[in-house]
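Heads up: the structure comes next, in structure tokens.
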Amino acid sequence: MGHCRHIGAITLFPEMLRSIFSTSILGRAATKGLVQYHTWNLRDFGTGSYHSVDDYPFGGGGGMVLKPEPLADALDRSMNLLQECTGETPRLLYPSPQGPRFSQTVAEEWAGSSRPLLFLCGHYEGIDQRILDEYPLEEWSAGDYVLSGGELPCSLMVDAVVRLIPGVLSNESSPVNETFSNGSFDYPQYTRPRVFRGNEVPEVLLSGDHQAIRRYRENVSRRKQQAVRPDLGGDQASVSR
Ligand code: SAM
1 MGHCRHIGAI
11 TLFPEMLRSI
21 FSTSILGRAA
31 TKGLVQYHTW
41 NLRDFGTGSY
51 HSVDDYPFGG
61 GGGMVLKPEP
71 LADALDRSMN
81 LLQECTGETP
91 RLLYPSPQGP
101 RFSQTVAEEW
111 AGSSRPLLFL
121 CGHYEGIDQR
131 ILDEYPLEEW
141 SAGDYVLSGG
151 ELPCSLMVDA
161 VVRLIPGVLS
171 NESSPVNETF
181 SNGSFDYPQY
191 TRPRVFRGNE
201 VPEVLLSGDH
211 QAIRRYRENV
221 SRRKQQAVRP
231 DLGGDQASVS
241 R
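Here the sequence shown stands for residues 1 to 241, numbered as in this note's numbering.
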């Protein structure tokens, strides 16, 4: 079993992330000692007696912008702590609609490295540009839509990564055959009962003929993938169970 991975997030809403990080597989990963989560409340680094974290944009325009000083202080503090815990410089990640699209390939790369991950969750109109200029923050997008904050994209990226860390899923082989892992879709799944509201489980799955089952699954998943996501161009020959 590998050493513990450290994953941190700077956020205005730590309770939102803590709830997700402590639930289901993400929570069990921490209980098993495979992952340790850290959250920093940006408000704790706010300036003045109101712990202010945002201000009006220079040049006008709607909305508020996260101020550089609290962001820099939070980054410095969290980077230092993660560096002390692990001896490695954290990978700085800024979920943003202006980054390249996050994908299974990126999740696999992050899961395979021992470097801690540190997410900076934006809010309002975003963060002061000088933070992006000064810190080696990588921008990563959750998709071509605009969300109100970086917490949801951070959560989905953490989820996609953590489940790939060896030992997190009880069945070690399960991430290997999933959708995207071999450039294709997973096949449809069935469980008991054998007949549900008159709908029967495909006969072949009850046949015990593993070759036939594999061929059936490859065909169904290939047809769906070609209809829905022809751009994936999966290598179905590599699908195996
Ligand atoms: N004004 C920004 C723009 O138009 O590019 C959008 C800011 S958005 C309302 C607030 C924050 O949500 C962003 O700073 C970013 O952290 C996060 N965010 C929004 N959409 C996202 C997406 N598709 N992927 C990743 N993060 C996103």
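For every residue, glycine included, the Cβ atom is placed at its ideal position computed from N, Cα and C.
- A check of alpha carbon separations from Cys154 across Asn219, His123 and Leu132 identifies His123 as the nearest.
- Remark: C-beta atoms of Arg5 and Ile165 approach each other more closely than 8 Å.
- Sorted by chain position, residues whose beta-carbon lies closer than 5 Å to a non-hydrogen atom of the ligand SAM are Pro95, Ser96, Pro97, Gly122, Glu125, Gly126, Ser141, Ala142, Val146, Leu147, Gly149, Gly150 and Pro153.
- For Pro95, the three-state secondary structure derived from DSSP is strand.
- Glu15: not part of any beta strand (DSSP E); member of the alpha helix (DSSP H) spanning Pro14 to Phe21, first to last residue.
- The alpha-carbon separation between Ser19 and Val53 amounts to approximately 23 Å.
- Here Arg217 is buried, its C-beta having at least 16 other C-beta atoms within 10 Å.
- In terms of Cα proximity to Arg222, the closest of Ala142, Asn182 and Ser113 is Asn182.
- In the DSSP assignment, Phe119 is bridged to Ala9 and Leu93.
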